[in-house]
Amino acid sequence: MRDSILKPRRRTRALRVGDVIIGGDAPVAVQSMTNTPTTDIDATVAQLARLARAGADVVRVSVPDPDSAAALPEILRQSEVPVIADIHFSYKMALAALEAGVHGLRLNPGNIGERKRVETVVTAARERGVSIRIGVNAGSLEKPLLERYGEPCADAMVESALGHIRILEDMDFHDIKVSLKASNIPMTVAAYRKLATRVDYPFHLGITEAGGPFAGGIKSAIGLGLLLAEGIGDTIRVSLAAEPEEEVRTGFEILKALGLRHRGVNIIACPTCARQKFDVIKTVAMLEERLAHIHEPIDVAVIGCVVNGPGEAREAELGVTGGYPVHLMYRDGEPDGKVRAEELVDRLVREVEARAAAMREQRKQRKQDD
Ligand code: SF4
98 MRDSILKPRR RTRALRVGDV IIGGDAPVAV QSMTNTPTTD IDATVAQLAR LARAGADVVR
158 VSVPDPDSAA ALPEILRQSE VPVIADIHFS YKMALAALEA GVHGLRLNPG NIGERKRVET
218 VVTAARERGV SIRIGVNAGS LEKPLLERYG EPCADAMVES ALGHIRILED MDFHDIKVSL
278 KASNIPMTVA AYRKLATRVD YPFHLGITEA GGPFAGGIKS AIGLGLLLAE GIGDTIRVSL
338 AAEPEEEVRT GFEILKALGL RHRGVNIIAC PTCARQKFDV IKTVAMLEER LAHIHEPIDV
398 AVIGCVVNGP GEAREAELGV TGGYPVHLMY RDGEPDGKVR AEELVDRLVR EVEARAAAMR
458 EQRKQRKQDD
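This note's numbering puts the first residue of the sequence shown at 98, with every later residue one more than the last.
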């Protein structure tokens, strides 16, 4: 990106979750979490497949009880994405998840009881090359910390994280990533900034309980955007009260907006006004729906009139500008003929699909040449 506002990426250790690398120089990974009962294998596998199609790099699955743990082997057998088991309090669930072959654990070692139990889990994780995310949440800080600080705050979150980290480091375990989540954005940002000066473990970013897609998307974009622009963050999860695919889409939009990762079609559309020569809003909605399956990074400009159209279209790979009586198509910044309103969406979809296929072919060719 020519005018990047990004600070250099924070230097972090790299770790693996299945075949996905998190931290180091790896691209910021996008995560989500299933919300089906884990015991419902078919529903969970179907949701994992939808998340994989939406582009999720890694997906977390809750393992609250033995029945859920028993479902894991089959879920893992069918999953196209690496799976992280979300564990609270029970070391037995952690062991069962490791036994099942999960690619990562999310658990707070300080919450699973006596040291012997933690050691058993850490030994099993080490043997299998499985990393552990320590997930500190402002809503569930340890009682002594709350008593000392009076209320949840960034310092208490950092101290909690350092406490959990110490337990793992004492066992010489360093395949750690850390999250410090709160629903309060300033608290979250402050906590990550503070911890960034203390450790070099990769960070999983998130604003927890952010709300529905609209408000939650905005809060996440601000919280995660601030940190990512400072070079902080190795993997993200946008938490929304919505279908998990929406979290993945929003996550990629945040990364796209910062120029950190570009996946799928990026639609550049004008806000519309009385000058628009076709229905921009409807066109964008139709394109978003019909191009959701495209993974290749392609910019498409959809601009209502010639005031801004040709300029925006010049910067995009494909574009359309409202004209009268027909509209003007652009390809790689150059005029590319005219199109009638009723053919516009079909034409753009065709062009994007053709371009995506060509990009896939080039990628395949490059791989073969390597
Ligand atoms: S590009 Fe044209 S239609 Fe779109 S907002 Fe600007 S002036 Fe209005």
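Each residue gets a CB set at the ideal place from its N, CA and C atoms; glycine is no exception. Remember, predicted model here, so these are calculated numbers, not experimental data.
Determine the DSSP secondary structure at residue 291, reduced to helix, strand or coil.
Helix at residue 291.
Would you kindly check if the distance between the Cβ of residue 365 and the Cβ of residue 413 is under 9 Å?
In this structure, residue 413 lies near residue 365, with their beta-carbon atoms less than 9 Å apart.
Enumerate in chain order the residues of its own chain whose CB-to-CB distance from residue 342 is below 7 Å, with the five nearest sequence positions on each side excluded.
Taken in chain order, the residues that qualify are 147, 148 and 151.
Reducing DSSP to helix, strand and coil, say where residue 215 ends up.
In the structure shown, residue 215 sits in a helix (DSSP, three-state: H, G or I).
Can you tell me the Cα-Cα spacing of residue 120 and residue 375, whole angstroms?
The alpha-carbon of residue 120 is positioned some 45 Å away from that of residue 375.
Could you spell out the range, first to last residue, of the alpha helix (DSSP H) harbouring residue 329?
Membership of residue 329 in any alpha helix (DSSP H) is not indicated, and neither H nor E is assigned to it by DSSP.
Looking only at its chain, what residues have a beta carbon closer than 8 Å to the beta carbon of residue 309, apart from the 5 residues adjacent to it on each side?
Residues 337, 338 and 339 of the same chain have their beta carbon placed closer than 8 Å to that of residue 309, with the five preceding and five following residues left out of the count.
Residues that residue 128 bridges to, as DSSP identifies them:
The partner list for residue 128 (beta bridge, DSSP) reads 155 and 334.
Report, in whole angstroms, the separation of the C-beta atoms of residue 156 and residue 180, which I expect to be a contact under 8 Å.
Contact flag correct, Cβ pair sits at about 6 Å.
Residue 398, enclosing beta strand (DSSP E) - first and last residue:
Under the DSSP assignment, residue 398 falls in the beta strand (DSSP E) whose first and last residues are 395-400.
Any chance the stretch 404-420 sits against the stretch 347-356, with 3 or more Cβ pairs inside 8 Å?
With the cut-off at 8 Å, the stretch 404-420 and the stretch 347-356 do not touch.
Where DSSP assigns a beta bridge to residue 363, which residues make up the other side?
Under DSSP, residue 363 forms a beta bridge with 396.
Cα separation between residue 214 and residue 188?
Residue 188 has its alpha-carbon roughly 6 Å from the corresponding atom of residue 214.
Through-space distance from residue 355 to residue 328, alpha-carbon basis
One C-alpha to the other measures close to 11 Å.
State yes or no: is the C-beta of residue 405 nearer than 8 Å to some heavy atom of the ligand SF4?
Because some heavy atom of the ligand SF4 lies under 8 Å away, the Cβ of residue 405 counts as near it: yes.
Could you tell me which of 416, 451 and 322 sits nearest to residue 104, measuring between CA atoms?
Nearest C-alpha to residue 104: 322.
Give the straight-line distance between the Cα atoms of residue 399 and residue 459, rounded to the nearest whole angstrom.
Residue 399 and residue 459 have their alpha carbons spaced roughly 26 Å apart.
CA-to-CA distance, residue 172 to residue 165, given in whole angstroms:
Here the C-alpha atom of residue 165 lies approximately 10 Å from the C-alpha atom of residue 172.
Looking at the structure shown, is residue 275 part of a helix, part of a strand, or coil, going by DSSP?
In the structure shown, the three-state DSSP call for residue 275 is strand.
Could you compute how far the alpha carbon of residue 198 sits from the alpha carbon of residue 134?
Rounded to whole angstroms, residue 198 to residue 134 spans 19 Å at the Cα level.
Report the CB separation of residue 300 from residue 276 in whole angstroms; it is logged as a contact under 8 Å.
7 Å between Cβ atoms; contact.
Any chance you could list the beta strand (DSSP E) runs of at least 3 consecutive residues sitting entirely within the stretch 137-184, in chain order?
Every unbroken stretch of the beta strand (DSSP E) spanning 3 or more residues and falling wholly within the stretch 137-184 is given here in chain order: 155-159 and 180-183.
Once the 5 residues before and after residue 392 are set aside, which same chain residues still bring their CB inside 7 Å of it?
Excluding sequence neighbours, residue 392 sits near 152, 360 and 361.
Among residues of its own chain, excluding the 5 on either side of residue 313, which ones have a beta-carbon nearer than 6 Å to its beta-carbon?
Excluding positions up to five away in sequence, the list reads 307 and 337.
Buried or exposed, going by whether 16 or more other CB atoms sit within 10 Å of the CB of residue 244?
So residue 244 ends up on the exposed side.
Rounded to a whole number of angstroms, what is the C-alpha to C-alpha distance between residue 379 and residue 130?
Linking residue 379 to residue 130 through their CA atoms gives a straight-line distance of about 31 Å.
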